[in-house]
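Chemist: Take this structure first; my questions come after.
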Ligand code: NAD
């Protein structure tokens, strides 16, 4: 199988590619991988092996339709990760989010259709559902995105659905909760707090810290995506949860403990505009239909992630102080 991975130099995409190259995804052993990534501020070529006989790296933009049409022939499948992914940036400037996430995704699906790619997975997020005070969302929940990031991802989900329904593109959508793990940009909550703790800086906690997120290790997310790629049905959406609900304050306290600091390191800062209170997914469908189950226990995954950042300052130090990190 030959797979093209958009956004494969980012946090989750690069994890997916590394596991493919290590033959770590059952049923996809031996797959050849083309990574298409524009290397935005969030992408890093060093997240991937410098050279590998089954890896081709192409620096390019999903907004470039001629490039996609040129690249895609010969590929059996596309896994589409490329996106602008940081909510805070979308509050500052939504334009690039709409262009990359909505228009760029449409380009990817259009190029897949025109070149006859047999299978497509569109990687989306739980944030498209909005915010939920109690209970959890199934895949049938209406989309009520609140941030410009979530709205641009919801747009891409609807465009994906239209390409399945109108053109018969064999496409599935995954909607995952918050990921954590190695190689995540230091602008995101867990790497920001971990690297601040390592540097002895305070942890900026939004508002009262009561916002609840469901956390999933990136390795579990990538196994779910590989399963959906192999076994998912066309036109279907699969929620990928994990069940580890934590308030942001609880995350901060767990990390303070791992870092051997005390809670005086936690500093309350002005809340994010329109900050969603709680996300929670019902992922019964992927568990029952595709046999998925997360494997990484949260406390273990968090401790391993802390250790990874402690052991890899050369990877994250250049990101600190650049933009939001
Ligand atoms: P990321 O920001 O770490 O990586 C995004 C990658 O896309 C980068 O390598 C970047 O260079 C590339 N990219 C951006 N614009 C591009 C363009 N126009 N053309 C080509 N490449 C471009 O993001 P991530 O956290 O790895 O997220 C990957 C996907 O998973 C996104 O679609 C995101 O919405 C989704 N997702 C993320 C999470 C999470 O917790 N991080 C949770 C659920 C879903």
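Residue numbers (our numbering): 141 to 465. In this text, a Cβ means the ideal position worked out from N, Cα and C, and glycines have one as well. Since this is a predicted model, take the numbers as computed values, not measurements.
Within its chain, find whatever has a CB closer than 7 Å to the CB of residue 360; leave out the 5 residues flanking it on each side and keep chain order.
Modeler: Taking the chain shown and counting its residues from 1, the one referred to as residue 360 is at position 220. Around residue 360: 382, 434, 435, 436.
Chemist: For residue 252 and residue 260, which I take to be in contact (beta-carbon distance under 8 Å), what is that distance rounded to the nearest angstrom?
Modeler: Start at 1 with the first residue of the chain shown, and residue 252 comes out as number 112. Start at 1 with the first residue of the chain shown, and residue 260 comes out as number 120. Confirmed, Cβ separation roughly 5 Å.
Chemist: Where do the N-terminal and C-terminal ends of the alpha helix (DSSP H) with residue 430 fall, by residue?
Modeler: Taking the chain shown and counting its residues from 1, the one referred to as residue 430 is at position 290. 424-430 is the span of the alpha helix (DSSP H), which, as asked, contains residue 430.
Chemist: Considering only residues of the same chain and omitting the five flanking positions on each side of residue 446, which have a CB-CB separation below 6 Å?
Modeler: Position 306 of the chain shown, counting from 1, holds the residue named residue 446. So the qualifying residues of the chain are 334, 398.
Chemist: Taking buried to mean at least 16 other C-beta atoms within 10 Å of its own C-beta, is residue 324 buried or exposed?
Modeler: Looking up residue 324 in the chain shown gives position 184. Under a 10 Å Cβ-count criterion, residue 324 is classified as buried, with 16 or more other Cβ atoms of the shown protein chains found around its own Cβ.
Chemist: Buried or exposed, going by whether 16 or more other CB atoms sit within 10 Å of the CB of residue 377?
Modeler: Taking the chain shown and counting its residues from 1, the one referred to as residue 377 is at position 237. With 16 or more other Cβ atoms within 10 Å, it is buried.
Chemist: Can you list, in chain order, the residues of its chain whose CB lies under 6 Å from that of residue 343, leaving out five sequence neighbours each side?
Modeler: Locating residue 343 in the chain shown gives position 203, where the first residue counts as 1. Excluding residues within five positions, the ones whose Cβ falls inside 6 Å are 333, 336, 392, 405, 406.
Chemist: Give me the Cβ distance between residue 272 and residue 314, rounded to the nearest whole Å; I'm assuming they're in contact under 8 Å.
Modeler: The sequence position of residue 272 within the chain shown is 132, counting from 1. The sequence position of residue 314 within the chain shown is 174, counting from 1. The beta-carbon distance between residue 272 and residue 314, rounded to whole angstroms, is 19 Å. This is too long to meet the 8 Å contact definition.
Chemist: Using alpha carbons as the reference points, say which of 326, 349, 231 lies closest to residue 408.
Modeler: For this step, residue 408 is matched to residue 268 along the chain shown. Looking at the Cα atoms, 349 is the closest of the given residues.
Chemist: Quick one: is the Cβ of residue 263 within less than 7 Å of any heavy atom of the ligand NAD?
Modeler: Counting from 1 along the chain shown, the entry for residue 263 is found at position 123. For the ligand NAD, at least one heavy atom lies less than 7 Å from the Cβ of residue 263.
Chemist: Between which two residues does the beta strand (DSSP E) containing residue 345 stretch?
Modeler: Residue 345 sits at position 205 when you count from the first residue of the chain shown. Where residue 345 is concerned, the enclosing beta strand (DSSP E) stretches over 343-346.
Chemist: Take every Cβ of the region 442-456, pair it with every Cβ of the region 281-301, and state whether three or more of those distances are shorter than 8 Å.
Modeler: Touching, no, given that fewer than three Cβ pairs across the two stretches are closer than 8 Å.
Chemist: Could you tell me if the beta carbon of residue 421 falls within a distance shorter than 7 Å of some heavy atom in the ligand SAM?
Modeler: No copy of the ligand SAM appears in this structure; the ligands present are the ligand NAD.
Chemist: Considering only the beta carbon of each residue, do residue 358 and residue 152 sit closer than 8 Å?
Modeler: Residue 358 sits at position 218 when you count from the first residue of the chain shown. Residue 152 sits at position 12 when you count from the first residue of the chain shown. In contact: residue 358 and residue 152 (Cβ atoms closer than 8 Å).
Chemist: For residue 241, count neighbouring C-beta atoms within 10 Å of its own C-beta (all shown protein chains included) and say buried if the count is 16 or more, exposed if not.
Modeler: Walking along the chain shown from the start, residue 241 turns up at place 101. So residue 241 ends up on the buried side.
Chemist: Quick one: what's got a C-beta closer than 6 Å to residue 321's C-beta in the same chain, skipping five residues either side?
Modeler: Here the question's residue 321 lines up with position 181 in the chain shown. Closer than 6 Å at the Cβ level, and outside the excluded window around residue 321, lie 357, 358, 445.
Chemist: Considering residue 250, what are the terminal residues of the alpha helix (DSSP H) in which it resides?
Modeler: The count along the chain shown starts at 1 and reaches residue 250 at position 110. The continuous alpha helix (DSSP H) containing residue 250 extends over residues 245-255.
Chemist: Does residue 226 come out as helix, strand or coil in the three-state DSSP assignment?
Modeler: For the purposes of this step, residue 226 is taken as the residue at position 86 of the chain shown. DSSP places residue 226 in coil when its eight states are reduced to three.
Chemist: Could you tell me which residues DSSP pairs with residue 151 in its beta bridges?
Modeler: Taking the first residue of the chain shown as position 1, residue 151 is located at position 11. Answer by DSSP bridge pairing: none, since residue 151 is not bridged.
Chemist: Leaving aside the five residues before and after residue 236 along the sequence, list all residues of the same chain whose C-beta is less than 7 Å from its C-beta, in chain order.
Modeler: The residue given as residue 236 occupies position 96 in the chain shown. Short of 7 Å from the beta carbon of residue 236, and not among the five residues preceding or following it, lie these beta carbons of its own chain, in chain order: 224.
Chemist: When you measure from the CB of residue 224 to every non-hydrogen atom of the ligand NAD, does any distance come out below 7 Å?
Modeler: In the chain shown, residue 224 corresponds to position 84, counting from 1. Residue 224 Cβ: within cutoff of the ligand NAD.
Chemist: Just tell me which of 270, 367, 216 has its CA closest to the CA of residue 288.
Modeler: Within the chain shown, residue 288 is the residue found at index 148, counting from 1. Ranking 270, 367, 216 by Cα distance to residue 288 puts 270 first.
Chemist: With distances taken between CB atoms, is the gap from residue 178 to residue 199 smaller than 8 Å?
Modeler: On the chain shown, residue 178 is found 38 positions in, with the first residue counted as 1. On the chain shown, residue 199 is found 59 positions in, with the first residue counted as 1. Contact: yes.
Chemist: Using the three-state DSSP reduction, which class does residue 368 fall into: helix, strand or coil?
Modeler: For the purposes of this step, residue 368 is identified with residue 228 of the chain shown, where counting begins at 1. Helix, per DSSP.
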